[in-house]
Amino acid sequence: MKSSSRGLFEEAKKYMPGGVNSPVRAFGAVDATPLFISEARGAKIYDVEGREYIDYLLSWGPMILGHSHPAVIEAINQAARRGTSYGAPTELEIEMARLLVDAFPSLEMVRMVNSGTEAVMSAIRLARGYTGREKIIKFEGCYHGHADSLLVKAGSGVATLGIPDSPGVPRRLAELTITLPFNDTGAVRSAVEQYGDDLACIIVEAVAGNMGVVPPMPGFLETLREITSQHDTLLIFDEVITGFRLTYGGFQNLAGIKPDLTCLGKIIGGGLPVGAFGGKKDIMEKLAPSGPVYQAGTLSGNPVAISAGIATLKILRKGATGYDETNRRTSLLCEGMKELFTKGDIPVCINRIGSMFTVFFTPHPVFDFSSALRSDTKRFGSFFREMLANQIYMAPSQFETSFVSFAHTDEDIEKTLAVCKRALYRI
Ligand code: HOZ
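So for the sequence shown, this note's numbering puts the first residue at 46; every next one is plus one.
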């Protein structure tokens, strides 16, 4: 008998909590059964029942070139034939480090890790070790992975499931994390006045993508840079989503701001598990073995994953027109949807930057977590289910980002808009 997503989900629940290895994948917030995927190529993803979908989830961001890009697959194959892990340095790691340092003006040195969570967790430890201070500031609705210090008023799955503070995070540790509203420079100024002497760092998603897409307002990141410099506090940009997503480099390249540390992941692994953090040499050299701040990993700098990342970055480096075209298509999609929703008299706020977008079901502008939370999540769920039933696969939560890849075509966008037009009458 052919497998079905429903049948596999029931089976998966017997062996894995909630049937998944990462919470939002369970589709609980949109009241649907998760698709079990069998393969993906270009802009298309296929479920175990053989149905084809236009994919706007793109593995939550990494697949900017589309799935199974031939050059990336070839790089993975070739690397795997030479052995899958050595636990020893390789030339590939130097090549990757050089690519990252060349792409980001703020990076002088990097360390490769295995995920965005690991990158951020390590960057925070480094900031604390470097400054000798303990407190950190993060912003409500920003999500920086699931390390203890950062699971406070977090976005992504934590927001989707409505878990304000996760059990298991020691209260005394959480107390060291100060949370402030995103885009609120006044709140930052007063918090820094209050805690400045014990403030190791301010960490921020350069463009928030884990409460849905919320771009920084003009001046917000600039103010963070100015205040942190005045108080010898480190500024950390989490560019796990935005690294190589909006341009070759990070959002910081577009904004012309140099943070002290930057965290990366997703795209730099070309679809394999990779993260990285980096920054100024004098800070990075505090890491073991050149300094005392400890951080390590058996699979860090894994040759297969790094090869996939290098292949991806080399294509992106050549592909300025790829970014332009993808941004144009995303704009076409978002403008088209806006027009349809207006005609259908359904109030939405569509936030887009480059090839990242979120349709918030609210008539109000969304500029921080509180305004994102005013969205009608039930209506979002109906919209998501209607789109999915018609083979359009978007991020399964109001508080996540959908993406467009270099592989999407104008035809994909037209088809998506046609489905959206029909969906409006049913939500
Ligand atoms: N929290 C991740 C996205 N922001 C979800 C990752 C996944 O479920 O794969």
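Glycine included, C-beta positions come from ideal geometry on N, C-alpha and C.
{"Check": "Around the C-beta of G95, are 16 or more other C-beta atoms found within 10 angstroms, so that it is buried, or is it exposed?", "Outcome": "exposed"}
{"Check": "Name the residue from T371, S450, T343 whose alpha carbon lies nearest to the alpha carbon of T129.", "Outcome": "T343"}
{"Check": "Please classify S335 as buried or exposed, where buried requires at least 16 neighbouring CB atoms within 10 angstroms.", "Outcome": "exposed"}
{"Check": "Would DSSP call M256 helix, strand or coil?", "Outcome": "coil"}
{"Check": "Is Y131 near ligand 1 - that is, is its Cβ less than 7 angstroms away from at least one heavy atom of it?", "Outcome": "no"}
{"Check": "How far does the beta strand (DSSP E) with N396 in it reach, from first residue to last?", "Outcome": "394 to 398"}
{"Check": "Please classify E284 as buried or exposed, where buried requires at least 16 other C-beta atoms within 10 Å of its C-beta.", "Outcome": "buried"}
{"Check": "My output table needs one value for I248: the three-state DSSP class, helix, strand or coil.", "Outcome": "strand"}
{"Check": "Take S48 and list the residues in its own chain whose beta-carbon comes closer than 8 angstroms to its own, dropping the five residues that flank it on each side.", "Outcome": "F81, V93, E94"}
{"Check": "How about R290: is its Cβ closer than 7 angstroms to a heavy atom in ligand 1?", "Outcome": "no"}
{"Check": "Please report how far the alpha carbon of S194 lies from the alpha carbon of G381, in whole angstroms.", "Outcome": "40 angstroms"}
{"Check": "Across the segment 382 to 397 and the segment 233 to 244, are there enough close Cβ pairs to call them in contact, namely three or more that are closer than 8 angstroms?", "Outcome": "no"}
{"Check": "Could you give the C-beta distance for I181 and L221, rounded to a whole number, given that I count them as a contact under 8 angstroms?", "Outcome": "6 angstroms"}
{"Check": "Can you check DSSP and say which residues form a bridge with A85?", "Outcome": "I90"}
{"Check": "With a threshold of 7 angstroms on Cβ separation, who are the neighbours of F72 within its own chain once the five nearest residues in sequence on each side are excluded?", "Outcome": "T78, P79, P441"}
{"Check": "Kindly indicate which residue of K325, E136, M61, G316 has the alpha-carbon position closest to the one of W10.", "Outcome": "As shown, the chain starts at 46 and ends at 472. That puts residue 10 outside it, with no answer to give."}
{"Check": "Flag S447 as yes when its Cβ comes closer than 7 angstroms to any non-hydrogen atom of ligand 1, and as no otherwise.", "Outcome": "no"}
{"Check": "Let me confirm a value: D305 is counted as buried when at least 16 other C-beta atoms fall within 10 Å, else exposed. Which label applies?", "Outcome": "buried"}
{"Check": "Sorted by chain position, which residues of the same chain lie with C-beta nearer than 7 angstroms to M108's C-beta, five sequence neighbours on each side aside?", "Outcome": "G316, S450"}
{"Check": "Can you grab the Cα-Cα spacing for the pair A57 / R51, in whole Å?", "Outcome": "10 angstroms"}
{"Check": "Here's a check: name, in chain order, each residue in its chain whose Cβ is nearer than 6 angstroms to the Cβ of I437, leaving out the five neighbours to either side.", "Outcome": "I99, T461, V464"}
{"Check": "Could you give the C-beta distance for R419 and T403, rounded to a whole number, given that I count them as a contact under 8 angstroms?", "Outcome": "Not a contact, Cβ separation roughly 14 angstroms."}
{"Check": "Figure out for me which residue from I328, G64, V249, A74 has the closest Cα to the Cα of H421.", "Outcome": "Correcting the residue type first, residue 421 is Asp in the shown sequence and not His. Nearest C-alpha to D421: A74."}
{"Check": "Identify whether V156 lies in helix, strand or coil by the three-state DSSP scheme.", "Outcome": "In the sequence as presented, Val is not what sits at residue 156; that position holds Arg. Reduced to three states, the DSSP call for R156 is strand."}
{"Check": "Check whether the Cβ of G202 sits closer than 7 angstroms to any heavy atom of ligand 1, and report yes or no.", "Outcome": "yes"}
{"Check": "What is the DSSP secondary structure of L110, reduced to helix, strand or coil?", "Outcome": "coil"}
{"Check": "For G264, count the other beta carbons within 10 Å of its own beta carbon; 16 or more makes it buried, fewer makes it exposed. Which is it?", "Outcome": "exposed"}
{"Check": "Could you tell me the distance, in whole angstroms, from the CA atom of Q239 to the CA atom of A253?", "Outcome": "25 angstroms"}
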